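Line by line, the protein sequences give chains A and B. When you line the first sequence up against the working numbering, it's residues 1 to 426, in that order. When you line the second sequence up against the working numbering, it's residues 427 to 840, in that order. Report on the following structure.
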Amino acid sequence: MLDRIQAPEFKTIDKIVIPHAVAGKLDNGIPVYTIDAGSQELTKIEFIFNAGMYYQDMPLLASAANNLLETGTSKYTADELSDNIDFYGSFFECNVGQDFSSIVLYSLNKYLESTIVYVEDILKNATFPQNEFDIYLSNKRQKFLVNTQKVNVLARRKYGELIFGEKHPYGIDVKLEDYDKIKQEHIVEFYKKKYNSANCSIVASGKLAPNLISVLNQHFGKEAWGIANKPVVDAGPAMQNKQQKHFIEKADAIQSAIRVGRLLFNKKHEDYFKFQVLNSVLGGYFGSRLMANIREDKGYTYGIGSGLSSLTNAGYFYISTEVGSDVTTNTLEEIYKEIKILREDLIPEQELEVVRNYILGQFLRSVDGPFALADKFKAVWEFGLDYNYFDRYFDAVKHVTPAELREVANKYWQEKDLIELVVGKK
Amino acid sequence: MIHFDKFKLANNLTVIVHQDKSTPMACVNILYNVGARDEDENKTGFAHLFEHLMFGGSINIPNYDEPLQLVGGENNAFTTNDITNYYCTVPSENLETAFWLESDRMLSLAFSDKSLEVQRSVVIEEFKQRYLNQPYGDVWLLLRPLVYKVHPYKWATIGKEISHIENATMDDVKAFFKKHYNPGNAIMVVAGDVELQQVKQLSEKWFAPIPEAIKPERKLPAEPKQTEARSLTVERDVPASSIYKAFHMCSRYDKEYHTVDLMSDILSRGNSSRLYKSLIKEKQLFSDINAYVMGDFDKGLFVISGKVNEGVSIADAEKGIEEEVSRLQNQLVPEKELQKCKNKTESSLTFSETDVLNKATNLAISELLGDANLINEEVENYQAVTVEGIQQQARIILDKNNCSTLYYMAKEKN
């Protein structure tokens, strides 16, 4: 008779082999990192610049410059660019983050050389036509207005400001009037300063063609391009808001967006690994305490989670959820209660075992395939770390004790240090 | 080419195995042939609520998630108007845990009152979060009953109204499980770092003992042909007026499906597409515009929707769409433009094959559509589309009398 009550035997993950990126350089010095893996004839090439929002001196600049790169060059119009890139079935992606901006080309290997010429021109000779700029801005402005009706978006915008301070580049919140202030010449200036070979790195992943480096050299590596300079910004330290509780009322809201968290550290900090495990217990996975209590026991929300966001120059911890407005106060009480329990009680070994294995399983999932491996590489490279970081992470996840986790909770989760924001109704 | 093997257990459970040794993971995808279209009109939202209850413990295992997380696994599920699909991935050496968990909940649920009570609340919060507390969130709650008069596609997966979810009883839950959740009504795909023999052995061990049940018969009323234009105008507190035009089209089973899909790409895929170039860039009528097929299994919808620019009248915006529709009906699409869409489709199909979970889900859906091997015929089917075929479909589908239009108007600010 089959025993359905007893779980089958299982194995824990002892070791994860992460194929490393191979480092090289183009002739003009641009660093190139390649990950040759996978079975599909595909290539993804990321051109990464230190051109994120951290480096902008007015809101919208970094994203507008990045998004408008493909709207015209000295050789091609926006239509010619999109017609050609689309014809070869390639995908062109613009990414703007707090620290980095990138443009990404996804291509079938057989068409890579046909499409890369357009990327070359976009990076070297973008012209930012006024007409394209006007259309872009007007459409973005409308999107901004739509988003302003979402409690979740309002909370996200405001929370950065509360955590980092309204003067810090990570904390600057876009305002409607910013859409009137920004001009085409600001974009051109930002582009000239940031998009140049001295400020560029390349990460290529997929089933790479043997001649990939020579193709890259031909288009991006022959000589320096753009005005060589590496942006240096010292924004000073982030300053968390002094006031602890914040509320933005939205009278017609039937749900409230909640944030609770604080300014903290990034992945270079010595407590980072332990904090990650602790955070998983609180709100980092489906079986976490916040999910178990606030969703699976009380039914207050569709979802609740917590995380530690790691940026180049800072980091912050946050809990985030949307709950029925009638249970906003109850939810906040439960959140503080769960944090208090982690400060006071030891996490049972059995629960910690689930969390350890879950984290390791997620890790295994996150090194699956060439594009995932590229993301893993960037996760350390962006912070000036190396693959050794993952070994240390692994080790910490396997060996951290309940007592150490309680210590970390006491160190970083005192209620007086947490910033609370509610957008909606209480 | 996605290679797979297929077998059936004595209780009629279909099992498909796809080996991919490039990943250290194994995934188990179980598709149940039940969706919102199988609901009673007075108890809508039930298939989706039921999906939540599938995580509330099964007959022998009090909690689904914890044992899975303990072995490094992860799972999720989704419900559509057509199907309910569950999937989990585990490190491949722990594949048996997935079989243990999935077979127990196919055998029977725990039917806990607490789980029903909590998941009713969770789903109601999901209803609010996604459909009520969002600008434009209620569009499909309005549009579906305008487009469909008879077919159960007239309600959304989340349900017609919150009260249907509030009123769900344990008897409903048990009856639904009994009717739809049985081996003959499911397709299981096991993919990743797995061996065929191993999957056969595990399937026999864990799934074969589940008793066979009567496969539910589906008798849905066919939607009668629409013969005149329909419209609905609503006013909402949103910053921009929007227009939604929904046209009846063929089903996923029909051979014209790929033609219609590429027709939507010609209109709106990427910055080189017609609607983007003409209505956003050139005429500046819209800030955002899309054309897409819903992908329904039964006769479905072709949708064109856009947000109208400030200072543009909704009539002018609509005229812009109509002009592009006429162009598609009256002039053949240039071969090169169609080739572009085919290339783009081939490329995205290839990219989608890098993900083993994605392959598993698509194999299950293809099998339900008639044959798992349809997944390998996709590129060919798209390559076979002709410019004449597109013109013909544009004439049949994009006809005024086949269209339901929702005018979603921004309230005037005082």
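Glycine included, each C-beta is placed from N, C-alpha and C at the ideal position. Fair warning: this is a prediction, and the values are worked out from it, not measured in the lab.
- The count of Cβ pairs closer than 8 Å, one atom from the segment 333–341 of chain A and one from the segment 286–298 of chain A, reaches three, so the stretches are in contact.
- The beta carbons of G89 of chain A and P370 of chain A sit no closer together than 8 Å.
- Between L794 of chain B and I613 of chain B, the C-beta gap is smaller than 8 Å, which places the two residues in contact.
- Using a Cβ-Cβ cut-off of 8 Å, F190 of chain A does not count as an interface residue toward chain B, since no Cβ of chain B sits closer than that to its own.
- When DSSP states are grouped into helix, strand and coil, H186 of chain A belongs to the helix group.
- N438 of chain B is positioned such that its CB atom lies closer than 8 Å to that of E638 of chain B.
- Taking 8 Å as the CB threshold, D598 of chain B stays off the interface with chain A.
- For the 8 Å CB-CB criterion, E551 of chain B and Y300 of chain A form a contact.
- Comparing C-alpha distances from F504 of chain B to each of B:A436, B:V565, B:I588, B:Y458 shows the shortest one belongs to B:Y458.
- DSSP places C767 of chain B in the uninterrupted alpha helix (DSSP H) bounded by 761–778.
- Across the set A:V367, A:T71, A:Y136, A:L311, the C-alpha of A:Y136 shows the shortest separation from the C-alpha of Q710 of chain B.
- Membership of M532 of chain B in any beta strand (DSSP E) is not indicated; the residue belongs instead to the alpha helix (DSSP H) covering 521–533.
- The beta carbon of E296 of chain A sits closer than 8 Å to some beta carbon of chain B.
- For G384 of chain A, there is no enclosing beta strand (DSSP E), since its DSSP letter is neither H nor E.
- Out of B:A672, B:D446, B:I715, B:K605, the CA that lies nearest to the CA of S830 of chain B is found in B:A672.
- The beta carbon of L775 of chain B sits closer than 7 Å to those of E804, V805, all from its chain and outside the five residues before and after it, given in chain order.
- Among the residues facing chain B, T77 of chain A is not included, as its CB has no counterpart in that chain under 8 Å away.
- In the structure shown, I822 of chain B falls within a helical segment according to DSSP collapsed to helix, strand and coil.
- The C-beta of S752 of chain B has fewer than 16 other C-beta atoms within 10 Å across all chains shown, which makes the residue exposed.
- Beta-bridge partners assigned by DSSP to R262 of chain A: A:F317.
- For secondary structure counted as the alpha helix (DSSP H) over 4 or more consecutive residues, the segment 35–78 of chain A holds these complete runs in sequence order: 61–67.
- In the DSSP annotation of this structure, Y490 of chain B is not part of any alpha helix (DSSP H), being labelled neither H nor E.
- Sequence-distant partners of T523 of chain B (beyond 5 residues in either direction) whose C-beta falls short of 7 Å from its own C-beta, in its chain, are P493, L494, V497, G499, V516.
- The alpha-carbon of P402 of chain A is positioned some 13 Å away from that of Q276 of chain A.
- Here the segment 294–313 of chain A lies against the segment 536–553 of chain B, with 3 or more beta-carbon pairs under 8 Å apart.
- A buried status is given to R365 of chain A, since no fewer than 16 other beta-carbon atoms sit within 10 Å of its beta-carbon.
- With a threshold of 16 other beta carbon atoms within 10 Å, T685 of chain B meets it and is buried.
- The criterion of a C-beta distance shorter than 8 Å is satisfied by K766 of chain B and D86 of chain A.
- Residue burial annotation: Y679 of chain B is exposed, with fewer than 16 other C-beta atoms found within 10 angstroms of its C-beta.
- In this structure, DSSP gives T831 of chain B an extended state, which the three-state scheme calls strand.
- The beta carbon of I341 of chain A sits no closer than 8 Å to any beta carbon of chain B.
- At a cut-off of 8 Å between beta carbons, P8 of chain A contacts chain B.
- Those residues of the segment 233–253 of chain A placed with their C-beta closer than 9 Å to a C-beta in chain B are D252, A253, ordered along the chain.
- If you look at Q809 of chain B, you'll find it in the alpha helix (DSSP H) that goes 800–809.
- Within the segment 24–51 of chain A, G38, S39, Q40, L42 place their CB atoms closer than 7 Å to a CB of chain B, listed in sequence order.
- Straight across, the Cα-Cα distance linking D466 of chain B with R644 of chain B is about 12 Å.
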